[in-house]
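These notes concern the structure reproduced below.
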Amino acid sequence: MHITEFTIVNLLYLVAALAFIIGLRRLSSPDTARKGNLLAAFGMGLAIIVTLFSPIFDAQNTMIATENNYLWIAGGLVVGSLFGWRAAMKIAMTAMPQMVSVFNGLGGACAVLLGIIEVIKSYNGDQAMAVAQWVIVLFAILVGAVSFSGSMLAFAKLDGRVDDRKVTFKGHGTVNNILLVLVVVTGVLWIVMLPEYRVVFAIVFIVLSLIYGYSFVAPIGGADMPVVISLLNSFTGLTAAAAGLIYGSQIMLLGGILVGASGTILTILMCEAMNRSLLNVIIGQFGGGGAAAGGKDGEQVAKEITISDAAILLFYSQSVVFVPGYGLAVAQAQKDCKELADQLEKNGVDVKYAIHPVAGRMPGHMNVLLAEADVPYPKLIDEQTANDAMADTDVVVVVGANDVVNPAALDDPSSPIYGMPVIEAWKAKNVIVMKRSMSAGYAGIQNQLFFHERNKMLFGDAKDSMQKLIQEVKTL
Amino acid sequence: MLDTFIQFYSDQYIYIWLLIFTIILGFEIISKVPSVLHTPLMSGANAISGIVILGAIILIRQSASDDYISLGLGALGIALGMTNVVGGFAVTNRMLEMFKKKKTDKTN
Numbered sequence: 000m001h002i003t004e005f006t007i008v009n010l011l012y013l014v015a016a017l018a019f020i021i022g023l024r025r026l027s028s029p030d031t032a033r034k035g036n037l038l039a040a041f042g043m044g045l046a047i048i049v050t051l052f053s054p055i056f057d058a059q060n061t062m063i064a065t066e067n068n069y070l071w072i073a074g075g076l077v078v079g080s081l082f083g084w085r086a087a088m089k090i091a092m093t094a095m096p097q098m099v100s101v102f103n104g105l106g107g108a109c110a111v112l113l114g115i116i117e118v119i120k121s122y123n124g125d126q127a128m129a130v131a132q133w134v135i136v137l138f139a140i141l142v143g144a145v146s147f148s149g150s151m152l153a154f155a156k157l158d159g160r161v162d163d164r165k166v167t168f169k170g171h172g173t174v175n176n177i178l179l180v181l182v183v184v185t186g187v188l189w190i191v192m193l194p195e196y197r198v199v200f201a202i203v204f205i206v207l208s209l210i211y212g213y214s215f216v217a218p219i220g221g222a223d224m225p226v227v228i229s230l231l232n233s234f235t236g237l238t239a240a241a242a243g244l245i246y247g248s249q250i251m252l253l254g255g256i257l258v259g260a261s262g263t264i265l266t267i268l269m270c271e272a273m274n275r276s277l278l279n280v281i282i283g284q285f286g287g288g289g290a291a292a293g294g295k296d297g298e299q300v301a302k303e304i305t306i307s308d309a310a311i312l313l314f315y316s317q318s319v320v321f322v323p324g325y326g327l328a329v330a331q332a333q334k335d336c337k338e339l340a341d342q343l344e345k346n347g348v349d350v351k352y353a354i355h356p357v358a359g360r361m362p363g364h365m366n367v368l369l370a371e372a373d374v375p376y377p378k379l380i381d382e383q384t385a386n387d388a389m390a391d392t393d394v395v396v397v398v399g400a401n402d403v404v405n406p407a408a409l410d411d412p413s414s415p416i417y418g419m420p421v422i423e424a425w426k427a428k429n430v431i432v433m434k435r436s437m438s439a440g441y442a443g444i445q446n447q448l449f450f451h452e453r454n455k456m457l458f459g460d461a462k463d464s465m466q467k468l469i470q471e472v473k474t475l
Numbered sequence: 000m001l002d003t004f005i006q007f008y009s010d011q012y013i014y015i016w017l018l019i020f021t022i023i024l025g026f027e028i029i030s031k032v033p034s035v036l037h038t039p040l041m042s043g044a045n046a047i048s049g050i051v052i053l054g055a056i057i058l059i060r061q062s063a064s065d066d067y068i069s070l071g072l073g074a075l076g077i078a079l080g081m082t083n084v085v086g087g088f089a090v091t092n093r094m095l096e097m098f099k100k101k102k103t104d105k106t107n
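In structure tokens form, the structure reads like this:
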């Protein structure tokens, strides 16, 4: 009889697992993405409901009597749903990367709490754990804690609450390696110590894990931020998988590993887009390395362009390519950018948007923003297509982008972004860079494009400049 | 040593198989994705990693009803995990809705 119930429960989990796999598959194709997400959400809902009401079985597939405590569970579910829903609905599209980072950190925190409870239970003598189990619990705590504190720092950095340079120092990479060794040693001591000393090591282990997560993310900045979020996302997947091993849940193991593996691939794809290795990104210190590259700024003067000159140049062009970057997101200028494009198109100008894979703070960040502003899909072109047509492009308008149009990536081997594919804006007939000031980009390196003979700077807030340009173009 | 390994394998072989094949599956599913979808995909995958919430549910269900430490921490874990799950799927859906709207514009 019990076997029958076990079979039903197991089959329902199989349906949930299939929903995750097919959902992820569909999420990776534009036509089916939305349905894929809903399918994965259905799988999650099913897995939660089955877990709530199914009998719980032990290793021999016999039912265990449970006290259920549904009130506690319901409380957690309701509070979490409300928070998650509200946050997801209220957040501005521009702040999406931060949001994903926070959600990811909470998943990690959940795994840490589970690990802590398991530890407490074992100390109360409720359950004895074998060494293998201890290793899994420690792994879940370590990776979950790194994911939590790392994600929170990533959030603070992306949200502009923490300055990259203030949280890192020379030799940070070495300190991180020492920290990691310390964490592992503490973990080993925790397992081999006599029970009376274990509590101390447990606390030290958790605290060290949290510090390591923070310290791990601290030296990473600039264009590498998307990579680290993706990496932390796969960490949360791994910790969920470890928790799956603790509770003997195949669906948790499958879901966690699926996220861990796909997150790793996504991370590697992003690194490839920047022509950097993952190791290089992690030991990064992006900002520090490039300081020397900006040595000759003093002698160079960038030319400025007025709003009316810029409007005339754009209005009477054949083809205009916008290159959006994080500045567009910060200024919330995507709708104004679209409106300017509409005005130009009325005069027969061919307008396109060149999207660099790592423009913004997340891959696809710019696509989401421009989609929000109703920019038609065929108008978005990738960096290769943009470069092929660059010589025939009349004007390239760089809106709040910097590192992705930096010629140093091609011709300056000492530059930290050397080798990264960039949008070769300087090959167009004219370039207008819309920027707040002459300050260096997020990667902290100077951009020779600003001093290029065909480039003119249009200083000011991107949204403000866009609106002025729209007014100006309307009068032409 | 070898005996221990063989014993471990025969006890856990289903999990080991599941682990290996899921890793390969995860790699294969993601290997061809247009960069447009990187953010929604990351966000959707992030929501799935909220599956860790199942552990918290199992834990609370198995706890004694006067074990307030487990119940309290477990409920907190559920709240955090559920924020990840609901928020993750909702935010992904919001992003993807924009792409949908854009696609209808194209056909018009």
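Keeping their order, the protein sequence lines are chains A and B.
For the first sequence, numbering that gives the first Met the number 0 begins at 0 and goes up steadily by one.
For the second sequence, numbering that gives the first Met the number 0 begins at 0 and goes up steadily by one.
We put the CB at the ideal spot given by N, CA and C, even for glycine.
With 16 other Cβ atoms within 10 Å as the buried cut-off, status of T3(A): Against the first sequence, residue 3(A) aligns to sequence position 4. By the neighbour-count rule (16 or more Cβ atoms within 10 Å), T3(A) is not buried but exposed.
Please decide whether Q61(B) counts as near chain A, where near means a Cβ-Cβ distance under 9 Å. Taking the first residue of the second sequence as 1, we reach residue 61(B) at position 62. Yes, Q61(B) counts as interfacial toward chain A.
Residue range of the beta strand (DSSP E) that S318(A) falls in? Indexing the first sequence from 1 puts residue 318(A) at position 319. Segment 318-323, the beta strand (DSSP E) holding S318(A).
Can you tell me whether A372(A) is helix, strand or coil according to DSSP? As a working note, residue 372(A) is residue 373 in the first sequence. Coil, per DSSP.
Identify every residue that forms a DSSP beta bridge with N454(A). On the first sequence, residue 454(A) is found 455 positions in, with the first residue counted as 1. Its beta-bridge partners are V430(A).
Exposure of E371(A), with buried meaning 16 or more beta-carbon neighbours within 10 Å: Translated into positions along the first sequence, residue 371(A) becomes position 372. The residue is buried, with at least 16 neighbouring Cβ atoms inside 10 Å.
Test item: CB-CB of L141(A) and S80(A) under 9 Å: To locate residue 141(A), count along the first sequence from 1; it is residue 142. To locate residue 80(A), count along the first sequence from 1; it is residue 81. In this structure, S80(A) does not lie closer than 9 Å to L141(A) by Cβ.
In whole angstroms, what is the alpha-carbon distance linking L17(B) and Q342(A)? Reading the second sequence from its first residue, position 18 is the one you call residue 17(B). Reading the first sequence from its first residue, position 343 is the one you call residue 342(A). For L17(B) and Q342(A), the distance between alpha carbons rounds to 56 Å.
If you drop the 5 nearest sequence neighbours on each side, which residues of the same chain put their C-beta closer than 7 Å to that of V203(A)? Within the first sequence, residue 203(A) is the residue found at index 204, counting from 1. Once the five neighbours on either side are set aside, the close Cβ partners of V203(A) are T185.
With DSSP run on the structure shown, which of helix, strand or coil describes A55(B)? Numbered from 1 along the second sequence, position 56 holds the residue referred to as residue 55(B). Looking at A55(B) - three-state DSSP - the assignment turns out to be helix.
For the putative contact between D163(A) and G114(A), defined by C-beta atoms under 8 Å, what is the C-beta separation to the nearest angstrom? Within the first sequence, residue 163(A) is the residue found at index 164, counting from 1. Within the first sequence, residue 114(A) is the residue found at index 115, counting from 1. Rounded, the Cβ-Cβ distance is 31 Å, inconsistent with contact.
Nearest-angstrom beta carbon gap, P323(A) and A358(A) [assumed within contact, 8 Å]: The residue given as residue 358(A) occupies position 359 in the first sequence. The residue given as residue 323(A) occupies position 324 in the first sequence. Between P323(A) and A358(A) the Cβ distance is about 6 Å, and since that is below 8 Å, they are a contact.
I want to see whether chain C comes within less than 9 Å of L95(B), judged by CB atoms only; does it? Absent from the structure: chain C. Protein chains present are A and B.
Chain-ordered chain A contacts of L70(B) [CB-CB under 7 Å]: Position 71 of the second sequence, counted from the start, is the residue given in the question as residue 70(B). Neighbours of L70(B) on chain A, chain order: N68, W71.
Neighbour-count burial assignment, F88(B), 16 or more Cβ in a 10 Å radius: Counting from 1 along the second sequence, the entry for residue 88(B) is found at position 89. Answer is buried; the Cβ neighbour count reaches 16.
Rounded to the nearest angstrom, what separates L76(A) and K34(A) at their Cα positions? Mapped onto the first sequence, residue 76(A) falls at position 77. Mapped onto the first sequence, residue 34(A) falls at position 35. Spanning the two alpha carbons is a distance of roughly 24 Å.
Test item: CB-CB of N232(A) and A44(B) under 9 Å: In the first sequence, the residue the question calls residue 232(A) occupies position 233. In the second sequence, the residue the question calls residue 44(B) occupies position 45. Yes. Within cutoff.
Using the Cα positions of V111(A) and V394(A), report the straight-line distance between them to the nearest angstrom. Here residue 111(A) refers to the residue found at position 112 of the first sequence. Here residue 394(A) refers to the residue found at position 395 of the first sequence. Using only the alpha carbons, I get a separation of about 52 Å.
Could you spell out where the beta strand (DSSP E) holding L379(A) opens and where it closes? The residue labelled residue 379(A) in the question sits at position 380 within the first sequence. Per DSSP, L379(A) belongs to the beta strand (DSSP E) from 379-381.
Could you tell me if T392(A) is buried or exposed, where buried requires 16 or more neighbouring beta carbons within 10 angstroms of its beta carbon? In the first sequence, residue 392(A) corresponds to position 393, counting from 1. Its Cβ being crowded by 16 or more others within 10 Å, T392(A) is buried.
Between the Cα of L384(A) and those of K351(A), T263(A), G363(A), A407(A), spot the shortest distance and give me the residue it belongs to. Here residue 384(A) refers to the residue found at position 385 when the first sequence is read from its first residue. The question names Leu, yet the displayed sequence has Thr at residue 384(A). Of K351(A), T263(A), G363(A), A407(A), the residue nearest in Cα terms is K351(A).
Using the beta-carbon of each residue, which ones in chain A are nearer than 7 Å to S42(B)? Position 43 of the second sequence, counted from the first residue, corresponds to residue 42(B). Per Cβ cutoff of 7 Å: V99.
Cross-chain neighbours of A110(A) in chain B, by beta carbon under 7 Å: As a first step, residue 110(A) must be located in the first sequence, where it is residue number 111. The contacting residues are V51.
Taking 9 Å as the CB-CB limit, is I202(A) close to chain B? Taking the first residue of the first sequence as 1, we reach residue 202(A) at position 203. No, I202(A) lies away from the interface with chain B (no Cβ there is under 9 Å from its Cβ).
Straight-line Cα distance separating N123(A) from L13(A): Stepping through the first sequence from its first residue, residue 13(A) is reached at position 14. Stepping through the first sequence from its first residue, residue 123(A) is reached at position 124. Near 35 Å, if we compare the C-alpha coordinates of N123(A) and L13(A).
Counting only beta-carbon separations shorter than 9 Å, does Y14(B) have a partner in chain A? On the second sequence, position 15 is the one that residue 14(B) refers to. Interface residue, yes.
Any Cβ of chain B within less than 9 Å of the Cβ of K165(A)? Mapped onto the first sequence, residue 165(A) falls at position 166. No, because no Cβ of chain B sits closer than 9 Å to the Cβ of K165(A).
Nearest-angstrom Cβ-Cβ length linking V78(A) and A63(B), presumed shorter than 8 Å: As a working mapping, residue 78(A) is identified with position 79 in the first sequence. As a working mapping, residue 63(B) is identified with position 64 in the second sequence. No, V78(A) and A63(B) are not in contact; Cβ-Cβ is about 23 Å, not under 8 Å.
So the alpha helix (DSSP H) K315(A) belongs to, where does it begin and stop? In the first sequence, residue 315(A) corresponds to position 316, counting from 1. Residue 315(A) is actually Tyr in this sequence, not Lys. It is not in any alpha helix (DSSP H) - Y315(A) carries neither H nor E in the DSSP assignment.
CA-CA distance, V206(A) and F4(B)? Sequence index remark: in the first sequence, residue 206(A) carries index 207 (1-based). Sequence index remark: in the second sequence, residue 4(B) carries index 5 (1-based). Roughly 33 Å separates the two Cα atoms.
Figure out for me which residue from K467(A), A424(A), Q466(A) has the closest Cα to the Cα of Q447(A). Along the first sequence, one-based indexing puts residue 447(A) at 448. Looking at the Cα atoms, A424(A) is the closest of the given residues.
Between the beta-carbon of E338(A) and the beta-carbon of L457(A), is there less than 9 Å? Mapped onto the first sequence, residue 338(A) falls at position 339. Mapped onto the first sequence, residue 457(A) falls at position 458. No. Outside cutoff.
Using the beta-carbon of each residue, which ones in chain A are nearer than 9 Å to F26(B)? The residue labelled residue 26(B) in the question sits at position 27 within the second sequence. Those are A260, S261, T263, I264, listed as they occur along chain A.
What did DSSP end up calling Y352(A) once you bin it into helix, strand or coil? For the purposes of this step, residue 352(A) is identified with residue 353 of the first sequence, where counting begins at 1. Note: Y352(A) maps to strand in three-state DSSP.
On the DSSP bridge list, what partners appear for F56(A)? For the purposes of this step, residue 56(A) is identified with residue 57 of the first sequence, where counting begins at 1. M62(A), per the DSSP bridge assignment.
Could you spell out where the beta strand (DSSP E) holding V183(A) opens and where it closes? Numbered from its first residue, the first sequence carries residue 183(A) at position 184. Not the beta strand (DSSP E): V183(A) falls in the alpha helix (DSSP H), residues 171-191.
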